[in-house]
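Structure first, then comments.
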Amino acid sequence: MTTSPGSNDFEGRTFVRTSFKGATLRFSDVSGVTMRSVDVDGLDIDSHDLFMGSLVVNGVDVVPLVEAELNRRFPGRELQKAQTPEGLREGWVAVQAAWATTVTETPPELVDAHVEDEWSLTQTLRHLVLATDTWLRGGIMRVEQPFHEIGQIFDGAEGMGFDTSIFRADEPTFEEVLAVRAERQQMVTDFLAGVTPEQLAEERDDPWGFDWHPTVGDCLRVILEEEWAHLRYIRRDLALLA
Numbered sequence: 044m045t046t047s048p049g050s051n052d053f054e055g056r057t058f059v060r061t062s063f064k065g066a067t068l069r070f071s072d073v074s075g076v077t078m079r080s081v082d083v084d085g086l087d088i089d090s091h092d093l094f095m096g097s098l099v100v101n102g103v104d105v106v107p108l109v110e111a112e113l114n115r116r117f118p119g120r121e122l123q124k125a126q127t128p129e130g131l132r133e134g135w136v137a138v139q140a141a142w143a144t145t146v147t148e149t150p151p152e153l154v155d156a157h158v159e160d161e162w163s164l165t166q167t168l169r170h171l172v173l174a175t176d177t178w179l180r181g182g183i184m185r186v187e188q189p190f191h192e193i194g195q196i197f198d199g200a201e202g203m204g205f206d207t208s209i210f211r212a213d214e215p216t217f218e219e220v221l222a223v224r225a226e227r228q229q230m231v232t233d234f235l236a237g238v239t240p241e242q243l244a245e246e247r248d249d250p251w252g253f254d255w256h257p258t259v260g261d262c263l264r265v266i267l268e269e270e271w272a273h274l275r276y277i278r279r280d281l282a283l284l285a
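At position 107 of the sequence shown (counting the first as 1) the number is 150 in the working numbering, and the numbers step up by one without a gap.
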């Protein structure tokens, strides 16, 4: 498959009787795209931030329908938006229980297997270590260098000026990853155990340097969103691999 580099050449363009059959779009902006009289059989859309906007199909905004179905499939997922310490604690327990099931039930021969252009279970757990380090240790606790070397950084981080040399170049074993992952999970559990409504309202800086000043509660909700999103991704991919 031919890969085209990043470009804004298609912004505002109109395509008539054009075939995009079998095309793949990754890390691309399709907001505001209008599609009329199109064949969408088998169209597969995955957007981590779908809940933040709208997606209109035949005049119906399907975002609330998608959110409701995902919450049905992943009990406790709705608590990723919780505003209270109790709700956040309950949401954390739910997502960790769901992750424990997935990790336990994954055959050893699949922990490092992956679908093309997607992360394996091992890599996904490494990324969740990074997410915890970013939003708990960096965002909330303000640790100057919050990252464990085993973390899995996202594509494009170097382009943002991030120093990726802090991460290991060699591939850690699954057992090593599970050990660090357990440490990070316990950190979140310990923090949530004592957090108060007043602390949730405290303002912090965006750990990635963007012009956003999240509250402590916002940082915790990002952690929960990351946990649920990547659980969905890996269950999807493991089903394909199996």
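No residue lacks a Cβ here, since even glycine has one placed at the ideal position from N, Cα and C. On a predicted model such as this, the values are computed, not experimentally measured, just so you know.
Within the model, the alpha-carbon separation for R69 versus A140 is close to 30 Å.
Around the beta carbon of P250, a 10 Å sphere encloses 16 or more other beta carbons of the protein chains shown; the residue is thus reported as buried.
Residues of the same chain with a CB within less than 6 Å of the CB of G182, apart from the 5 flanking positions on each side, are R247, P250 and C262 in chain order. Of the other Cβ atoms in all chains shown, fewer than 16 fall within 10 Å of the Cβ of H256; this residue is therefore exposed.
Remark: C-beta atoms of L173 and I277 do not approach each other more closely than 8 Å. Scanning the segment 188–239 from its first residue to its last, the whole alpha helix (DSSP H) runs of 4-plus residues come out as 217–237. By the neighbour-count criterion, in which a residue is buried when 16 or more other Cβ atoms sit within 10 angstroms of its Cβ, G85 is exposed. Nearest Cα to D176 within the set E110, Q188 and P215: Q188. The straight-line gap separating the alpha-carbon atoms of E270 and L93 is approximately 16 Å.
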